[in-house]
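Below you'll find the structure, written out as structure tokens, and then a few comments.
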Amino acid sequence: MDITTPDTQEPHPAPRPPAPGRKHTATRPGDRIFLGLSRGAGILLLVIMAAIAAFLAYRASLAITKDHGNFLTTLEWNTGVTPPVFGIAVLAFGTVVSSVIAMVLAVPVAVAIALFLTHYAPRKVSGPIAYVIDLLAAVPSIVYGLWGALVLVPNLNGLFGWLDTYLGWTGVFSWDGGAPRSMLTVGILLAIMILPIITNVSREVFRQVPRMHEEAALALGATRWEVVRMAVLPFGRSGVVSASMLGLGRALGETMAVATVLSPDFLIHGSLLNPGGGTFAQNIASKFSEASEFGRDALIASGLVLFVITLLVNGAARMIIARRKEYSGANA
Amino acid sequence: MSTAAVTDKRSTLRGATLPRWSPWAIAAGSVAVAIGIGAAAGLHSHVQWGLIAALLFVLATYGIAARVEGRRQAKDRVATSLVWVAFLLAVVPLVSLIWVTVQRGVKVLDFYFLSHSMGVVADSQPGGGIYHAILGSLEQVGLATLLGAPIGVLTAVYLVEYGRGRLARAVTFFVDVMTGIPSIVAGLFILSLMLILDMQPFGFAGSLALAILMMPVVVRSTEEMLKLVPNELREASLALGVPKWRTILKVVLPTSLGGITTGVMLAIARIAGETAPVLLLVFGNRFINANPFDGAQASLPLYIYQQYGAGAEPAYDRAWAASLALIAFVMILNLVARGIARWKSPR
Chain A
1 MDITTPDTQE PHPAPRPPAP GRKHTATRPG DRIFLGLSRG AGILLLVIMA AIAAFLAYRA
61 SLAITKDHGN FLTTLEWNTG VTPPVFGIAV LAFGTVVSSV IAMVLAVPVA VAIALFLTHY
121 APRKVSGPIA YVIDLLAAVP SIVYGLWGAL VLVPNLNGLF GWLDTYLGWT GVFSWDGGAP
181 RSMLTVGILL AIMILPIITN VSREVFRQVP RMHEEAALAL GATRWEVVRM AVLPFGRSGV
241 VSASMLGLGR ALGETMAVAT VLSPDFLIHG SLLNPGGGTF AQNIASKFSE ASEFGRDALI
301 ASGLVLFVIT LLVNGAARMI IARRKEYSGA NA
Chain B
1 MSTAAVTDKR STLRGATLPR WSPWAIAAGS VAVAIGIGAA AGLHSHVQWG LIAALLFVLA
61 TYGIAARVEG RRQAKDRVAT SLVWVAFLLA VVPLVSLIWV TVQRGVKVLD FYFLSHSMGV
121 VADSQPGGGI YHAILGSLEQ VGLATLLGAP IGVLTAVYLV EYGRGRLARA VTFFVDVMTG
181 IPSIVAGLFI LSLMLILDMQ PFGFAGSLAL AILMMPVVVR STEEMLKLVP NELREASLAL
241 GVPKWRTILK VVLPTSLGGI TTGVMLAIAR IAGETAPVLL LVFGNRFINA NPFDGAQASL
301 PLYIYQQYGA GAEPAYDRAW AASLALIAFV MILNLVARGI ARWKSPR
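If you read the protein sequences in the order shown, they are chains A and B. So in full-length UniProt numbering, spot 22 of the first sequence is number 22, and the numbers just go up one at a time. So in full-length UniProt numbering, spot 125 of the second sequence is number 125, and the numbers just go up one at a time.
Okay, here's the thing in structure tokens:
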């Protein structure tokens, strides 16, 4: 990583003649120490990121080199046998499917709630509601998991039966009547969990819509919906996209809620309603306690893949946000 | 339908509009019709009755408004009702979550529960408590804060007060990216270190992972706060000949102390609920272990997971009660943090 190169200039020997070109020349020892400390903290963050990648890659390489299957395409996870055979295909499939379901369900609702808060709700209500949504973002994921497993799952039998009766012929919604602990359940729960963050970021964006745009539309006789469609949504599009990607990042890496709700099985099947499948994070949490040291290395290898995926998704989201610096949603 | 067109005779400039009470009337009408249809067709599920009512409401709104006010107004009304429906739809699970947690949690949550461990209680029996888990959580989160908060604040100081050039841009970008690291990946990172050093699970390992998760959150919020400090304050101090580091320590940081405290507390609230890294690194313990540097410890979120996994009714009750305690802790931290933010906010 070439970013850390400025580090090498750090301990320059007693700067009597101040280095030319530097604006904030540190002359006093206190200044030098303080600059060193704060810059050191920043560099430490970069070092941690690099170390995460390096150490995960090192332990992962120990496992992958001994893998007798193809790490990317093998449909089983047997690390306890000799020779070990494991691959991430099932996990990649499950992670993508559950996150996509979560996005499809959460994004429209979150955008609607953001619109509700900024353009529809009476002023007096929208403040407290926004506050409550902030608080809900703080509910720990394990509590969502417990609720999902003990409250949501028993209540999904009706929906699953209905989907099977009317849409079962598609194959995607066929159901064999088992406990509804499937990819669709996971997707629904993840949607509920990422709703607050997408809502918060979208709300910030919609609030930034220039008042003039809206008033111009109103003056032309537009209805409220036309104002939203012609002034608010086009302005907020990139913000909504990046908000969704932040939500996607959360959904991809969510561990405990998936681990409590899904009844995992290492296979890929087409039905969203039948139990089975798994996600990267869930697989790590469920298999960890029985895994040998080699098994843990294999789990670390799958974690490395998850790390890279979330890095790409979040990096892309940040790039989009950075184009409009004003509403960085980082503290949402 | 009962709602007739009402034209405003007084103004010829405005088009016909439905009276203000019309949405309520249409809603009442569609609920009545839905109950009729549901009862006639013998549908048992009340969810289906609700869906029929909602569908009727949207269709009736569109139809009536399109007749009286015109298509554009009709679309507007449908969009309004859809936005309201989305909002109500989202409220249902969230209210249910809080309601069930409180309702089932208060059954077990008492002083005995807070002051005893699971040492001599099997998972299938009633009794036992979360003392060991609270102790473990407090120690792990406390140590993580001691590590993460200073580094986070210093990084933010660097970015705002000194940061120019490529290093600062890189730090900013990676702090942003770091906020999105899944907690389990942070756990795996420390785990890989532990595998290399051949160590057994202990509390402080969990703290390290939690500190990694905490740092970017603290950096972000502190940065926002430092940017709010007016430049005049810095310039006044520097003009008096105060060195830059003393200006930062004595002027900039005290001015934004309230906001920084808020940010740190929100970060604490976030890591207090993290389960995955604790599961990998601290492992859980039924007994009281007050030493975070030696041996497996318990932790509140992990306790919930393990009690859920035990699969017995008394264990579920304990899981709910522990959830209630955890939510209460996180919410109180949030409320206090926001209170400080409001009280100390620069005016």
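No residue lacks a Cβ here, since even glycine has one placed at the ideal position from N, Cα and C. What you are looking at is a predicted structure, and each value in this text was computed from that prediction instead of being measured.
As computed with DSSP, S182 (chain A) is found in a beta bridge with A:P275. If you ignore the 5 residues before and after P126 (chain B), its C-beta comes within less than 6 Å of the C-beta of P314, all in its own chain and listed in chain order. When CB distances to chain A are screened at a threshold of 9 Å, the residues of the region 51 to 83 of chain B falling below it are R72, Q73, K75, D76, R77, V78, A79, T80, L82, V83, in chain order. Rounded to the nearest whole angstrom, the C-alpha separation of L249 (chain B) and V219 (chain B) is 17 Å.
Within the same chain, and ignoring the five residues on either side of H269 (chain A) in sequence, the residues whose Cβ sits closer than 8 Å to its Cβ are G276, G277. Excluding its 5 nearest sequence neighbours in each direction, T199 (chain A) has C-beta neighbours in its own chain below 7 Å: A110, I113, A114, I133, listed in chain order. Taking the beta carbon of V141 (chain B) as reference, no residue of chain A falls within 9 Å; the closest one sits roughly 12 Å away.
For E235 (chain B), there are no CB contacts under 8 Å within the same chain when 5 residues up- and downstream are skipped. Within 8 Å of the CB of M118 (chain B), no CB atom of chain A is found; the nearest one sits about 17 Å away. Between the alpha carbons of D164 (chain A) and F173 (chain A) lies a distance of about 6 Å. At a cut-off of 9 Å, the C-beta of N289 (chain B) has no neighbouring C-beta in chain A.
Counting C-beta pairs with one atom in each stretch, the region 284 to 304 of chain B and the region 197 to 214 of chain B have three or more that are closer than 8 Å, which means they touch. Distances from the alpha-carbon of T61 (chain B) to those of B:R270, B:P19, B:P277 put B:P19 closest.
Annotated as distal: V228 (chain A) and H68 (chain A), with beta-carbon spacing of 9 Å or more. Remark: C-beta atoms of V78 (chain B) and L56 (chain B) do not approach each other more closely than 9 Å. DSSP places F287 (chain B) in the coil class of the three-state scheme, outside both helix and strand. At a beta-carbon threshold of 7 Å, the residues of chain A lying near F174 (chain B) are L45, L46, M49, ordered along the chain. Shown here for G295 (chain B): same chain residues with a beta carbon closer than 7 Å to its own, the five before and five after excluded, namely F202, N289 in chain order.
Put simply, the CB of A89 (chain A) is far from chain B, with every gap to its CB atoms at 9 Å or more. Going by C-alpha positions, V151 (chain A) is about 21 Å away from E274 (chain B). In chain B, no part has a C-beta under 7 Å from the C-beta of N200 (chain A); the shortest such distance is about 13 Å. Checking the DSSP bridge columns, you'll see W77 (chain A) partnered with A:F86.
Residue B:L138 holds the alpha-carbon nearest to the alpha-carbon of Q297 (chain B) among B:V160, B:I52, B:L138. For E235 (chain B), the nearest beta carbon of chain A is not closer than 9 Å to its own beta carbon. In this structure, the beta-carbon distance from A137 (chain A) to I192 (chain A) does not fall below 9 Å. A Cβ-Cβ distance of about 7 Å is found for the pair L190 (chain A) and A257 (chain A), placing them in contact under the 8 Å criterion.
Judged by DSSP in its simplified three-state form, Q297 (chain B) adopts strand. Just measuring C-alpha positions, the residue of B:F329, B:M194, B:L159, B:A312 sitting nearest A41 (chain A) is B:L159. Think of a sphere of 9 Å around the beta carbon of A281 (chain A): the chain B residues whose beta carbon falls inside it are P182, S183, I184, V185, A276, in chain order.
Counting of Cβ neighbours within 10 angstroms places Q200 (chain B) among the exposed residues, the total staying below 16. Counting every other CB atom within 10 Å of its CB across the protein chains shown gives I332 (chain B) a total below 16, marking it as exposed. V92 (chain B): member of the alpha helix (DSSP H) spanning 71 to 105, first to last residue.
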